[in-house]
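Trainee: Take a look at this one; I'll ask things after.
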Amino acid sequence: MVAELASRTNAQTRILLLEDSEIDAELAITHLAKADSANTVQRVATRDDFMREIGNGGYDVVLADYSLPDFDGLTALDIVREHHPDMPFIFVSGVVGEEFAINALRRGATDYVMKRGLSRLPAAVDRAVAEARERQDRVRAEQALRISETSAQLAIETAGLGRWEFDPATGTFDVDARCRELFGLAPDTVASHETFLKSCHSGDRLRIETILNETLQAGSASNVATEFRIIRAGDAQERWISLSGRSFQDGGACTRLIGIVNDITERKQAEAALQDLNQTLKLRVAHKTAERDHLWQLSKDLMAVMTPVGALIEVNPAWQASLGHGTSEVVGEHLAKFAHPDDASVVQQAMAQAAHENQRPFECRFVCRGGETRWISWSTALGHGYIYAVGRDITEDKVAQSQLEHAQEALRQAQKMEAVGQLTGGMAHDFNNLLQVVVGNIETLQRKLPPNQERLRRAADHAMAGAQRAANLTQHLLAFSRKQPLNPRPVAVNRLVAGMSEMIQRTLGELVVVETALSPNLRHVEIDGNQLEIALLNLAVNARDAMPHGGTLSIETFNLDLRNAPHCTAENLPRGEYVVINVRDTGTGMPPEVQARAFEPFFTTKSVGQGTGLGLSQVYGFVRQSGGQVRITSADGAGTSIRIHLPAARPDAQVPEDDNQCEASLAAKRETILVVEDDPDVRAFTVETVRELGYDVLEARDGVNALNLLRQTPAGDIDLLFSDVVLPGGMNGQQLAQQAVVLHPRLKVLFATGYARDVIVHHGRLDPGVQLITKPFAFDDLAARIRSVLDGQDSARHAN
Numbered sequence: 003m004v005a006e007l008a009s010r011t012n013a014q015t016r017i018l019l020l021e022d023s024e025i026d027a028e029l030a031i032t033h034l035a036k037a038d039s040a041n042t043v044q045r046v047a048t049r050d051d052f053m054r055e056i057g058n059g060g061y062d063v064v065l066a067d068y069s070l071p072d073f074d075g076l077t078a079l080d081i082v083r084e085h086h087p088d089m090p091f092i093f094v095s096g097v098v099g100e101e102f103a104i105n106a107l108r109r110g111a112t113d114y115v116m117k118r119g120l121s122r123l124p125a126a127v128d129r130a131v132a133e134a135r136e137r138q139d140r141v142r143a144e145q146a147l148r149i150s151e152t153s154a155q156l157a158i159e160t161a162g163l164g165r166w167e168f169d170p171a172t173g174t175f176d177v178d179a180r181c182r183e184l185f186g187l188a189p190d191t192v193a194s195h196e197t198f199l200k201s202c203h204s205g206d207r208l209r210i211e212t213i214l215n216e217t218l219q220a221g222s223a224s225n226v227a228t229e230f231r232i233i234r235a236g237d238a239q240e241r242w243i244s245l246s247g248r249s250f251q252d253g254g255a256c257t258r259l260i261g262i263v264n265d266i267t268e269r270k271q272a273e274a275a276l277q278d279l280n281q282t283l284k285l286r287v288a289h290k291t292a293e294r295d296h297l298w299q300l301s302k303d304l305m306a307v308m309t310p311v312g313a314l315i316e317v318n319p320a321w322q323a324s325l326g327h328g329t330s331e332v333v334g335e336h337l338a339k340f341a342h343p344d345d346a347s348v349v350q351q352a353m354a355q356a357a358h359e360n361q362r363p364f365e366c367r368f369v370c371r372g373g374e375t376r377w378i379s380w381s382t383a384l385g386h387g388y389i390y391a392v393g394r395d396i397t398e399d400k401v402a403q404s405q406l407e408h409a410q411e412a413l414r415q416a417q418k419m420e421a422v423g424q425l426t427g428g429m430a431h432d433f434n435n436l437l438q439v440v441v442g443n444i445e446t447l448q449r450k451l452p453p454n455q456e457r458l459r460r461a462a463d464h465a466m467a468g469a470q471r472a473a474n475l476t477q478h479l480l481a482f483s484r485k486q487p488l489n490p491r492p493v494a495v496n497r498l499v500a501g502m503s504e505m506i507q508r509t510l511g512e513l514v515v516v517e518t519a520l521s522p523n524l525r526h527v528e529i530d531g532n533q534l535e536i537a538l539l540n541l542a543v544n545a546r547d548a549m550p551h552g553g554t555l556s557i558e559t560f561n562l563d564l565r566n567a568p569h570c571t572a573e574n575l576p577r578g579e580y581v582v583i584n585v586r587d588t589g590t591g592m593p594p595e596v597q598a599r600a601f602e603p604f605f606t607t608k609s610v611g612q613g614t615g616l617g618l619s620q621v622y623g624f625v626r627q628s629g630g631q632v633r634i635t636s637a638d639g640a641g642t643s644i645r646i647h648l649p650a651a652r653p654d655a656q657v658p659e660d661d662n663q664c665e666a667s668l669a670a671k672r673e674t675i676l677v678v679e680d681d682p683d684v685r686a687f688t689v690e691t692v693r694e695l696g697y698d699v700l701e702a703r704d705g706v707n708a709l710n711l712l713r714q715t716p717a718g719d720i721d722l723l724f725s726d727v728v729l730p731g732g733m734n735g736q737q738l739a740q741q742a743v744v745l746h747p748r749l750k751v752l753f754a755t756g757y758a759r760d761v762i763v764h765h766g767r768l769d770p771g772v773q774l775i776t777k778p779f780a781f782d783d784l785a786a787r788i789r790s791v792l793d794g795q796d797s798a799r800h801a802n
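Numbering-wise (our numbering), the sequence shown opens with residue 3 and increments by one.
Below, the structure written as structure tokens:
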């Protein structure tokens, strides 16, 4: 029997896993593989498969999820209890709450394991199977004992056991065949008193001899019954024998002693095994009790036993560690006494419900001894006339949840701004191509109109003004979408702000006072200075509009070092060194709903015709494209503060001197220019304009045609490649230029674009050495740009 128990302990555990999720099933199987005992897992996902496997049998334990496609875990539990009442059943679920777990245990579940705590699964399975096997083995042992006793009784009743009779006068035994078989005696061996005692185990021999002598010497008939061990003759096996007999007297002397013997070896083994099992169970109970005591003492969760009205009877040490309240302060008080005053009614209501039923977890604030507040999630269970409660400190979880919600809102806002930026950038590209044709032809009309056609000149001027406003709108759109080409250089922000102060004051008028507070030793920034001036001017104009009756506009600069700051700062900025420009007004301010949309393009609170809604969006796009951040603080009626955080340049960055070069002559020198443009109208205007400037012109509609012209023309005969950046046919302007300079090594390149995308602009900056003119360009601007590229002035300027 002992060997059988040992073999079952090492037997392979057969597990039926009811789980519809492939991923969860793999995780469970992976954790089960770490168990000390070997196991095999059969997974099923549907009711039919589950019923088939349960019907087939052969499993030691069932693991089941609660939520399943065509039925649930409780139904599966009922099915198992119907077919296999003693089979362990463990819930493995991610949605199990305290109430469900208690109900499941009451309905016959063995245990439950949360999916977030699968590391506990192997131990839970081993424990459940071990306890089930122990119960089965105990039943088997008890059954074996009963069978042994019943067999002995039946043997006695039917005279099927070994029969013996002892004659005191001769000292010999008369035994039957069964008795000889039990003692291992040969048929011709005389069974004497000495032979009998010799077959007894040395440890029992003296006791048996004493019992026989006392029975023989008794003054009256008596019964004898004993159990002892023998060493059977022949094979030397040790066997347990049960002996029962009765003495017969004649004249006060025993004349004979008759009885029966039975081999009770198996019964003794069963008793020993049962005793071992009982001892094991006692040890397990003691171990479980010790575990619960350790859990009570060591748990960081608050634990309490309360009366049905919520008065505390006993609390664990976690109360002292978490809330600072010792046992003597707590026992006898109502749980609500330690809750936050605003949550005391919640606790009282929860305790009233807990006195009648198990309830779902509830959350409330508790006040520590030092006055601080902690969030506690309570779970209660009713049993034996008491309320048992466990409280988990979820203060950090609450803080993390709040931070997560803020981060998700910031992400949604960033994604919305990025989507709008992509849309506006694409629109700006198409508008610039259209405006190039409009602006170029109006400018040609202005140059060609006779001086005496004043009415037509005024009409052309008005048309040009409208086209220029449209061009400015597209530039704002490109700035917001962070697709405008920038030419960043080291800039002294204090010098730039001081130089703009007078212009800003004139722009804002006499009702607004402009103040500056420029920090000494301000770090330089690497940025496009012209765009920064436009951004500051936009902020100043917005501030003026927010102060219709006058006020103060303050421009402040200072350094901000966040290199050693925590991950989450007040401004939610990445670590680094920044130069901050704070533009603050004393105007009407913004309510929260307006502040949330302030940087959206075309969003404005001004009346129709008083603003485009692109000023702040241009600032936002430009600063983000330059690697910086924009933060806005405002309150309705309390003014607005907009802070521009720009990455500080390296300490050794040198601010270039102002460009005071004399303007060069714009006259052509009989050079040849290759114009590459896919839009027919834009190409026609550009070719006509370049010819009007005095240059020889070749034209192509895409990169392939342009390369054919370059191959057909001797090297050196084409002086400048003037190409759009975005071209059809799979070859963009940058790729065309790379192949063109191989064919014509001295070829200069000038790009034109309304939307640079990522071809020649990377991370918001023009690639080194790239010359660019943005659409729509004017006649004079194009003339100057072509001349400067041909004369090499732009290259020198960029080299500095």
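All residues carry an ideal CB built from backbone N, CA and C; glycine is no exception.
#1: Going by DSSP, what residue range makes up the alpha helix (DSSP H) through Lys-270?
#2: When the Cα of Val-439 is compared with those of Arg-457, Ala-465, Met-502 and Gln-455, which residue comes out closest?
#3: Do Ala-650 and Arg-565 have their CB atoms nearer than 7 angstroms?
#4: Might you give, ordered along the chain, the residues of its own chain that have their beta carbon closer than 8 angstroms to the beta carbon of Tyr-68, omitting 5 neighbours on each side?
#5: Once you ignore the five residues that flank Val-499 on each side, which residues in its own chain have a CB closer than 8 angstroms to its CB?
#6: Quick one: what does DSSP say Lys-671 is sitting in, helix, strand or coil?
#7: Hey, which unbroken runs of the alpha helix (DSSP H) at 4 residues or more fall wholly within the segment 59–121?
#8: Which residues share a DSSP beta bridge with Phe-560?
#9: Could you tell me how far apart the beta carbons of Ile-646 and Asn-360 are, in whole angstroms, since I believe they sit closer than 8 angstroms?
#10: With H, G and I counted as helix, E and B as strand and the rest as coil, what does DSSP make of Pro-649?
#11: Quick one: what's Ser-194 bridged to in DSSP?
#12: Quick check on the burial criterion: 16 or more other C-beta atoms within 10 angstroms. Buried or exposed for Phe-250?
#13: Identify the continuous beta strand (DSSP E) that holds Ala-383 and give its terminal residues.
#14: With 7 angstroms as the threshold, decide whether the Cβ of Gln-322 is near any Cβ in chain C.
#15: If you check the beta carbons only, do Gly-164 and Ala-235 fall under 7 angstroms apart?
#16: Have a look at Val-115 and Ala-125 and give me their C-alpha separation to the nearest angstrom.
#17: Pairs of beta-carbons, one from the segment 164–173 and one from the segment 144–153, closer than 8 angstroms: are there three or more?
#18: Less than 7 angstroms between C-beta atoms, sequence neighbours within five positions excluded: which residues of the same chain meet that for Ala-78?
#19: Nearest to Asp-237 by CA position, among Arg-258, Glu-335, Ala-188 and Glu-229, is which residue?
#20: Specify whether the segment 176–186 and the segment 301–316 touch according to this definition: at least 3 beta carbon pairs, one from each stretch, less than 8 angstroms apart.
#21: Using the DSSP secondary-structure output, state which residues sit across from Phe-52 in a beta bridge.
#22: So what's Ala-320 in DSSP terms, helix, strand or just coil?
#23: Determine whether the beta carbon atoms of Ala-600 and Leu-618 lie at a separation below 7 angstroms.
#24: For the alpha helix (DSSP H) containing Ile-31, name the first residue and the last one.
#25: Could you tell me the alpha carbon to alpha carbon distance between Ala-804 and Asn-532, rounded to whole angstroms?
#26: In the structure shown, what three-state DSSP assignment does Ala-500 receive?
#27: With three or more C-beta pairs closer than 8 angstroms as the rule, is the segment 277–289 touching the segment 365–375?
#28: Sorted by chain position, which residues of the same chain lie with C-beta nearer than 8 angstroms to Asp-783's C-beta, five sequence neighbours on each side aside?
#29: Please state whether DSSP places Lys-750 in a helix, a strand or coil.
#30: Where Ser-379 and Met-353 are concerned, what is the direct C-alpha to C-alpha distance, given to the nearest angstrom?
#31: Output needed for Ala-856: all residues of its chain with C-beta closer than 7 angstroms, excluding positions within five of it in sequence on either side, in chain order.
#32: At what residue ranges does the segment 684–712 contain a whole run of the alpha helix (DSSP H), taking only runs of 4 or more?
#33: Would Phe-779 pass as a contact of Leu-752 if the rule is Cβ separation under 7 angstroms?
#34: Count the CB pairs spanning the segment 254–274 and the segment 212–226 that are closer than 8 angstroms, and state whether there are at least three.
#35: Please state the DSSP three-state secondary structure of Arg-577.
Mentor: Taking the structure as given:
#1: Counted from its first residue, the sequence shown places residue 270 at position 268. Segment 267–300, the alpha helix (DSSP H) holding Lys-270.
#2: Here the question's residue 439 lines up with position 437 in the sequence shown. Closest option to Val-439, Cα to Cα, is Ala-465.
#3: Position 648 of the sequence shown holds residue 650. Position 563 of the sequence shown holds residue 565. No, they are not a contact pair.
#4: Mapped onto the sequence shown, residue 68 falls at position 66. For Tyr-68, where only same-chain residues beyond five positions count, the Cβ hits under 8 angstroms are Asp-74, Gly-75, Leu-76, Phe-93, Ser-95, Val-97, Val-98 and Phe-102.
#5: The residue given as residue 499 occupies position 497 in the sequence shown. Cβ neighbours of Val-499 beyond the five flanking positions: Thr-518, Leu-520, Leu-538, Ile-557, Thr-559 and Ile-583.
#6: As a first step, residue 671 is located in the sequence shown; it is residue number 669 there, counting from the start. It is coil, neither helix nor strand.
#7: 75–85 and 100–108
#8: As a first step, residue 560 is located in the sequence shown; it is residue number 558 there, counting from the start. Its beta-bridge partners are Val-582.
#9: Taking the first residue of the sequence shown as position 1, residue 646 is located at position 644. Taking the first residue of the sequence shown as position 1, residue 360 is located at position 358. At roughly 58 angstroms, the Cβ-Cβ gap does not stay under 8 angstroms, so Ile-646 and Asn-360 are not in contact.
#10: As a first step, residue 649 must be located in the sequence shown, where it is residue number 647. It is a strand residue.
#11: The residue labelled residue 194 in the question sits at position 192 within the sequence shown. Thr-174.
#12: Walking along the sequence shown from the start, residue 250 turns up at place 248. With fewer than 16 Cβ atoms within 10 Å of its Cβ, Phe-250 is classed as exposed.
#13: Locating residue 383 in the sequence shown gives position 381, where the first residue counts as 1. Segment 375–385, the beta strand (DSSP E) holding Ala-383.
#14: The structure shown contains no chain C; it holds only a single protein chain.
#15: The count along the sequence shown starts at 1 and reaches residue 164 at position 162. The count along the sequence shown starts at 1 and reaches residue 235 at position 233. Going by C-beta atoms, Gly-164 is not nearer than 7 angstroms to Ala-235.
#16: Here residue 115 refers to the residue found at position 113 when the sequence shown is read from its first residue. Here residue 125 refers to the residue found at position 123 when the sequence shown is read from its first residue. Spanning the two alpha carbons is a distance of roughly 10 angstroms.
#17: no
#18: For the purposes of this step, residue 78 is taken as residue 76 along the sequence shown, with counting starting at 1. Leu-20, Phe-52 and Ala-66.
#19: Here residue 237 is taken as the residue at index 235 of the sequence shown, counted from 1. The shortest C-alpha separation from Asp-237 is found at Ala-188.
#20: no
#21: Working through the sequence shown from its first residue, we reach residue 52 at position 50. DSSP lists no partner for Phe-52.
#22: Looking up residue 320 in the sequence shown gives position 318. Ala-320 falls in the helix class under three-state DSSP.
#23: Counted from its first residue, the sequence shown places residue 600 at position 598. Counted from its first residue, the sequence shown places residue 618 at position 616. Going by C-beta atoms, Ala-600 is nearer than 7 angstroms to Leu-618.
#24: Walking along the sequence shown from the start, residue 31 turns up at place 29. From DSSP, the alpha helix (DSSP H) with Ile-31 extends over 24–34.
#25: No information on residue 804 is available, as it lies outside the stretch 3 to 802 that the chain covers here.
#26: Start at 1 with the first residue of the sequence shown, and residue 500 comes out as number 498. Three-state result, Ala-500: helix.
#27: no
#28: As a working mapping, residue 783 is identified with position 781 in the sequence shown. Only Ile-775 meet the Cβ criterion.
#29: Taking the first residue of the sequence shown as 1, we reach residue 750 at position 748. Reduced to three states, the DSSP call for Lys-750 is strand.
#30: Position 377 of the sequence shown holds residue 379. Position 351 of the sequence shown holds residue 353. Approximately 14 angstroms between the Cα atoms of the pair.
#31: Here the chain comprises residues numbered 3 to 802, so residue 856 is not present and cannot be evaluated.
#32: none
#33: Here residue 779 refers to the residue found at position 777 when the sequence shown is read from its first residue. Here residue 752 refers to the residue found at position 750 when the sequence shown is read from its first residue. The answer is no: Cβ separation not under 7 angstroms.
#34: yes
#35: Against the sequence shown, residue 577 aligns to sequence position 575. Arg-577: coil per DSSP, three-state reduction.
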